[in-house]
Amino acid sequence: MQKILAFILCLLPGLALAQGRVTGVVQDSATHQPLAFASVFLANTTLGATTTEQGEFVFPKVPAGSYELVGSYVGYNLSKQSITIAKAAAPQSVTLLLSASGPALDEVVVQASAHSQEDYDKFTGLFLGQTAFSQQSRITNPKDVVVFVNDSTQELVASAKNFVEIENMALGYRLKYYGMSFRFSPDGSAGSFDGQPVFEEMTPQDEQQRQQWAANRAKAYAGSFTHFLRSVYRNELKKQGFLVQLVRLTPDGTSAVVYPGARPIDSLRRLSADQRHMYLRFTGDLQVAYFGETPDPAYDQPMSPLGYSRTPYPTEREVSKVRLLARQVEILPNGSLRDSEAVALGEYWGFEKIGEFMPLDYEPPTMVSAPAAPASTPAPARAQPAAGRAQMR
Numbered sequence: 064m065q066k067i068l069a070f071i072l073c074l075l076p077g078l079a080l081a082q083g084r085v086t087g088v089v090q091d092s093a094t095h096q097p098l099a100f101a102s103v104f105l106a107n108t109t110l111g112a113t114t115t116e117q118g119e120f121v122f123p124k125v126p127a128g129s130y131e132l133v134g135s136y137v138g139y140n141l142s143k144q145s146i147t148i149a150k151a152a153a154p155q156s157v158t159l160l161l162s163a164s165g166p167a168l169d170e171v172v173v174q175a176s177a178h179s180q181e182d183y184d185k186f187t188g189l190f191l192g193q194t195a196f197s198q199q200s201r202i203t204n205p206k207d208v209v210v211f212v213n214d215s216t217q218e219l220v221a222s223a224k225n226f227v228e229i230e231n232m233a234l235g236y237r238l239k240y241y242g243m244s245f246r247f248s249p250d251g252s253a254g255s256f257d258g259q260p261v262f263e264e265m266t267p268q269d270e271q272q273r274q275q276w277a278a279n280r281a282k283a284y285a286g287s288f289t290h291f292l293r294s295v296y297r298n299e300l301k302k303q304g305f306l307v308q309l310v311r312l313t314p315d316g317t318s319a320v321v322y323p324g325a326r327p328i329d330s331l332r333r334l335s336a337d338q339r340h341m342y343l344r345f346t347g348d349l350q351v352a353y354f355g356e357t358p359d360p361a362y363d364q365p366m367s368p369l370g371y372s373r374t375p376y377p378t379e380r381e382v383s384k385v386r387l388l389a390r391q392v393e394i395l396p397n398g399s400l401r402d403s404e405a406v407a408l409g410e411y412w413g414f415e416k417i418g419e420f421m422p423l424d425y426e427p428p429t430m431v432s433a434p435a436a437p438a439s440t441p442a443p444a445r446a447q448p449a450a451g452r453a454q455m456r
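In terms of my numbering, the sequence shown opens at residue 64 and continues consecutively.
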């Protein structure tokens, strides 16, 4: 768990490049008896299954990438196991052992007084977000969510015994967000949330709604952090409409200096000696501008300046900050990260929350290119207000 100041953790989707088969069984950890009709899913995807009477499950076609395989059963704790689907990989067999749940969470629920409407509204704003898509999202099981203010830290805390169910009418997805852990400071500027969501595609009422959902999903993907990661991996930043600049804090820490020149690709990523692994690796913070998309009307912060350019930058742009919380983190071929908690996002990407969240197995119809980022000429460094610092919890 991490605590982010003016930054938000990002859960990262990816693109299918190959497929593999995953089978397994869900058992009671004490008796090793099979658990029939348990829920099994790959977190952050639309891939879910229900076990047979023998506790068995199968995922015949899993897109290449790294996943968290999760098992859920009433009266038991979640069981999670990391799996990786590689090109031409052999079928995998997994055993998920679930332990009977204790009274710990029940005790928390009993000790916490019923949440106030004000606290609940604040939670939904921080969790779902404020974008137009977020406004079309709602939690359908609010009575299962516990929201309270921690007396010691004054943090806003939220949890759910089983899952939080979210219906997103803008994107056409129904999410079950298991294992939610949510903490934010009173003013909402510092905090974190994580969990293991699974997506279900909703059935459109008609062809018009189907087309609208498809368009909205493509819009949610365009300019996203996943889109950026794939562009880094494929060396297509400029082609895809991204401009990446270096940001460093001044010695007194009161402002940040932006270096207007676009960062070369080799300063952002590193290839392993065996040429098999690619890592996101850079010093300082990155400022990432995405051109060709109008920011959501609810985003009321001024976009950070980009510095001088011989060719004027497009007026329509979204500017974000990226900070590494580790020395480096592996970028997988599907555009996801080996460790999603190794990165913190700020400004526009930090503004986008669950209401913009896409499943990991979403495949955009095309890799639509935004207007290419114009060439820039380095000029004297320009100061701006400092971005918040990301701190390990």
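For glycine and all other residues, C-beta sits at the position ideal for the given N, C-alpha and C.
Here the structure is a predicted model, which is why all the values come from computation and not from measurement.
- Secondary structure of PRO205 (DSSP, three-state): helix.
- GLN90 and GLY118 have their C-alpha atoms roughly 7 Å apart.
- By alpha-carbon distance to SER335, the top candidate from SER162, LYS282, LEU395 is LEU395.
- Within its own chain, the residues whose Cβ lies closer than 8 Å to the Cβ of GLU218, once the five positions on either side in sequence are excluded, are VAL212, ARG246, PHE247, SER248, PRO249, GLY254, listed in chain order.
- ASN397 and ALA127 have their C-alpha atoms roughly 7 Å apart.
- In the three-state DSSP reduction, ASP182 falls in the helix class (H, G or I).
- For the 7 Å CB-CB criterion, LYS124 and GLN82 form a contact.
- Nearest C-alpha to GLY286 among ILE148, SER197, LEU300: LEU300.
- Assigned with DSSP and collapsed to three states, ALA221 falls in strand.
- Apart from the 5 residues on each side of it in sequence, THR86 sits with its Cβ closer than 8 Å to the Cβ of GLU119, PHE120, VAL121, PHE122, PRO154, GLN155, SER156, VAL157 in its chain, given in chain order.
- LEU238 and SER372 have their alpha carbons spaced roughly 43 Å apart.
- When the five nearest sequence neighbours on each side are left out, the beta carbons in the same chain lying within less than 7 Å of the beta carbon of THR114 are those of VAL89, LEU98, ALA99, PHE100, ALA101, VAL103, PHE120, in order along the chain.
- Taking a 10 Å sphere around the C-beta of GLU426, we find fewer than 16 other C-beta atoms and assign the residue as exposed.
- Annotation for ARG84: PRO123, PRO154 place their beta carbon closer than 6 Å to its own, counting only its chain and skipping 5 residues before and after.
- Just so you know, the alpha carbons of TYR240 and PHE186 end up roughly 15 Å apart.
- At the C-beta level, ASN204 and GLU228 come within 7 Å of one another.
- Residue state for VAL382 is assigned as strand, using DSSP reduced to three classes.
- Residue range 288 to 296 is occupied by the alpha helix (DSSP H) that includes TYR296, with no beta strand (DSSP E) assigned at that position.
- If you look at GLU270, you'll find it in the alpha helix (DSSP H) that goes 270 to 284.
- The C-beta of GLN259 has 16 or more other C-beta atoms within 10 Å across all chains shown, which makes the residue buried.
- In this model, ASP329 and GLU131 are separated by some 30 Å (Cα to Cα).
- Cα atoms of ALA221 and GLY188: separation of roughly 13 Å, rounded to the nearest angstrom.
- Within a 10 Å sphere around the beta-carbon of ASN298 sit fewer than 16 other beta-carbons, which makes this residue exposed.
- Nearest Cα to SER162 within the set THR94, THR266, GLU181, THR147: THR94.
- The continuous beta strand (DSSP E) containing TYR353 extends over residues 348 to 354.
- Between GLU393 and HIS340, the C-beta spacing is below 7 Å.
- With fewer than 16 other CB atoms across the displayed protein chains lying within 10 angstroms of its CB, LYS206 is exposed.
- Residue range 195 to 198 is occupied by the alpha helix (DSSP H) that includes SER197, with no beta strand (DSSP E) assigned at that position.
- For THR109 against GLU264, the beta-carbon gap comes to about 6 Å, under 8 Å, which counts as contact.
- In this structure, the beta-carbon distance from TRP412 to PHE256 does not fall below 7 Å.
- Excluding sequence positions up to five before and after GLN350, its CB lies within less than 7 Å of the CB of GLN308, VAL310, VAL321, SER367, VAL382, LYS384, all in the same chain and listed in chain order.
- The continuous alpha helix (DSSP H) containing GLY413 extends over residues 411 to 414.
- Excluding five sequence positions before and after ARG333, the CB atoms of its chain that fall closer than 6 Å to its own CB belong to TYR342, ARG344, given in chain order.
- Residue state for GLU404 is assigned as helix, using DSSP reduced to three classes.
- The beta carbons of ASN107 and LEU331 sit no closer together than 7 Å.
- Per DSSP, the unbroken beta strand (DSSP E) holding ARG332 starts and ends at 332 to 334.
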